[in-house]
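Student: Note that the numbering used here has the sequence shown beginning at 17, numbered continuously upward.
C-beta: ideal position from N, C-alpha, C; glycine also.
Just so you know, these numbers come straight off a predicted model, no measurement behind them.
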Amino acid sequence: MKLLLGYISEQLKKFLTPNHRLLSVEIVTNRLLLKPVSMIYKEDIFREFTEEITTYMYPQPPKEVSDTESFINDSLFEIKKEQSLVLVILKRNTQEFLGCVGIHNINRRNPELGIWLKKSVHGNGYGLETINTLKKWADGNLDYEVLVYPVDRENIRSRRIPERLGGTIFREFDKTNLSGKVLHILEFRIPKK
Ligand SMILES: CC(C)(COP(=O)(O)OP(=O)(O)OC[C@H]1O[C@@H](n2cnc3c(N)ncnc32)[C@H](O)[C@@H]1OP(=O)(O)O)[C@@H](O)C(=O)NCCC(=O)NCCS
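#1: Could you please give me the residues that DSSP links to Trp-153 through a beta bridge?
#2: With respect to the beta strand (DSSP E) encompassing Thr-184, which residues constitute its N-terminal and C-terminal limits?
#3: Can you tell me whether Arg-173 is helix, strand or coil according to DSSP?
#4: Output the residue ranges of the beta strand (DSSP E) runs that lie fully inside the segment 30 to 74 and measure 3 residues or longer, sorted by chain position.
#5: State yes or no: is the C-beta of Leu-49 nearer than 6 Å to some heavy atom of ligand 1?
#6: DSSP three-state label for Lys-107, please.
#7: Once you ignore the five residues that flank Leu-181 on each side, which residues in its own chain have a CB closer than 6 Å to its CB?
#8: Would you mind giving the Cβ-Cβ distance between Lys-208 and Tyr-160, rounded to the nearest angstrom? I have them listed as a contact below 8 Å.
#9: By Cβ distance, which residues of its chain are closer than 6 Å to Asn-193, with the 5 residues on each side in sequence left out?
#10: Which term fits Phe-204, buried or exposed, when burial requires 16 or more other beta carbons within 10 angstroms of its beta carbon?
#11: Starting from Glu-203, trace the beta strand (DSSP E) both ways and give me its first and last residue.
#12: By the DSSP assignment, the beta strand (DSSP E) with Ile-122 in it spans what residues?
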């Protein structure tokens, strides 16, 4: 009886005082620091998540800063529920904002990756460095089979990322994004190994 009461009180404690462990995730690479998205980055995201950046992505660029606030609030909600991990990508030594990366459906067998970098820092290989390190984090922290990386067939820079990580094309399909453009998606799958 004592044991049972102890167990119930443990479970109740967990339920009543969630520790939101994903909010304390920090991942460091040679050049980068990844940490959970927060309102501190509202202006950076609003300014940098432009029409050009979203050309091959599903989401639309924000029209108002309140759209970015909603994105951050939704992301925080999902992080707290441990469904997604949405991180900002910062330069390690200066903390300059570079972009965002997310891993979604983290409790499923096939979590999905998404990434964007601000235009002025493209061409430095930060995309591969980010996804490479996030995969390592997933390997150590998630029980998954494959990471899904959907990418438009014309988005050559982005395609290089799953290709470099040993991903292969699992299926192809058309999907209309929120700006009304039809994307031809190649769904790469990167095995856990
Ligand atoms: C996808 C993204 C994060 C990659 O950015 P990045 O890390 O700066 O990428 P890089 O410029 O370093 O290039 C990545 C690779 O593409 C290659 N590449 C770049 N431009 C190229 C071109 N015009 N033609 C062919 N290959 C090209 C690079 O040589 C590199 O290949 P390598 O790793 O074999 O050397 C960035 O382009 C981005 O934010 N795009 C907009 C948002 C987006 O589309 N996100 C992805 C959605 S799936």
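Tutor: Answer, in terms of the structure:
#1: Answer by DSSP bridge pairing: none, since Trp-153 is not bridged.
#2: 184 to 192
#3: helix
#4: 48 to 52
#5: no
#6: strand
#7: Ile-206
#8: 6 Å
#9: Tyr-74, Leu-199
#10: buried
#11: 198 to 207
#12: Element bounds for Ile-122: n/a, residue is neither H nor E.
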